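Right, one structure below, let's go through it.
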Amino acid sequence: MAERRLGDAAGELLPARLKAGSPKGQELREILEGLIASLGPGAPLPSERALAERYGVARMTVRSMLDRLTSEGLTYRVHGRGTFAAEPRVAQAMALSSFSEDMLARGLRPGSTILRQEVVPAGGVVAARLRVSPRARVVRIDRVRTADGEPLALEQAFLPAARFDGLQDADLATGSLFTLLEQRWGVRLAAADQRVVAVTIDGEEAELLDVRPGQAGLLFSTLAEDAGGDVVFSATSLFRGDRYEIDLRQRRE
5 MAERRLGDAA
15 GELLPARLKA
25 GSPKGQELRE
35 ILEGLIASLG
45 PGAPLPSERA
55 LAERYGVARM
65 TVRSMLDRLT
75 SEGLTYRVHG
85 RGTFAAEPRV
95 AQAMALSSFS
105 EDMLARGLRP
115 GSTILRQEVV
125 PAGGVVAARL
135 RVSPRARVVR
145 IDRVRTADGE
155 PLALEQAFLP
165 AARFDGLQDA
175 DLATGSLFTL
185 LEQRWGVRLA
195 AADQRVVAVT
205 IDGEEAELLD
215 VRPGQAGLLF
225 STLAEDAGGD
235 VVFSATSLFR
245 GDRYEIDLRQ
255 RRE
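The sequence shown begins at 5 in this note's numbering and counts up by one.
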């Protein structure tokens, strides 16, 4: 009975038993991670009961491990249907690179849906970040950023209109803003200050990113400068927490 509940594909891929003497929880995790990688995104995982019976462990142990995998974005649950393998997250090293560059480096096709692209008054907050007058005009660009057609992030950027005349009419649905700034205006980004905050995604943002309200997200606030120290743009990017992660490498001084 337990073998039938495992499903044909999972039953063939799973080992028959746990190794003697190995920590059960850790080995179960390794087995499930291997199964997720083999089955691919959207594939159903065996039930808690089937896994518990197959490996002779408590259902609470299985449930705890599945909960952990779900919290880490490796699986997702559908009420009344079970647990499924999730899409792998997109990892970003903390380097100054564009969304398009990040996606292409991972073999994904970057894209954008333009929500707003127009010249507007800077206002106090944006003016302070761009170091311009509140009465200055800025180019506002709101986009849904996609990877292989899947919504991954919401991005809002502000750039000085006086410096980037005509940017409001440029094609940013398929191209990289970084590349455009360099090729058309000769502006190469040299450094950026970036802040990352964990948030929840709700309302219109959840609808645009095609996620359930209340899902975890990562909010990036970026202030980019050129080699001369002049601010090029101020941007915020809201990424889906289930599809995005950050890689850090640190050195001890």
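Just so it is clear, CB atoms sit at the ideal spot from N, CA and C, and this is done for glycine as well. Small disclaimer: the values here were computed from a predicted structure and weren't measured.
Excluding residues up to 5 positions away in sequence, Val142, Phe162, Ser238 lie with their Cβ nearer than 7 Å to the Cβ of Val130 in the same chain. Rounded to the nearest angstrom, the Cβ distance from Asp152 to Leu184 is 22 Å, too far for a contact under 8 Å.
Per DSSP, Gln121 lies in no alpha helix (DSSP H) segment; the continuous beta strand (DSSP E) that holds it begins and ends at 114 to 125. The C-beta distance from Ala89 to Leu49 rounds to 7 Å, short enough to meet the 8 Å contact threshold.
About 17 Å separates the beta carbons of Arg147 and Leu108, which is beyond the 8 Å limit, so they are not a contact pair. Burial state of Met69 is buried, judged by a 10 Å Cβ sphere holding 16 or more other Cβ atoms. DSSP lists Ile118, Glu159 as the bridge partner or partners of Arg147. Per DSSP, the unbroken alpha helix (DSSP H) holding Asp71 starts and ends at 63 to 75.
Rounded to the nearest whole angstrom, the C-alpha separation of Val235 and Gln160 is 16 Å. Gly179 and Ser75 have their C-alpha atoms roughly 34 Å apart. Contact between Val201 and Leu227 does not hold, since their C-beta atoms are separated by about 15 Å, which reaches or exceeds 8 Å. Selection Arg149, Lys28, Arg139 evaluated against Arg63 yields Lys28 as nearest (Cα-Cα).
As computed with DSSP, Gln219 is found in a beta bridge with Ile205.
For Arg167 and Glu52, the gap between their C-alpha atoms comes out near 59 Å. Pairing Gly60 with Gly38, the inter-Cα distance amounts to about 19 Å.
In the displayed model, Val191 falls within coil according to three-state DSSP, outside both helix and strand. For the pair Ala165 and Arg144, the Cα-to-Cα distance works out to about 9 Å.
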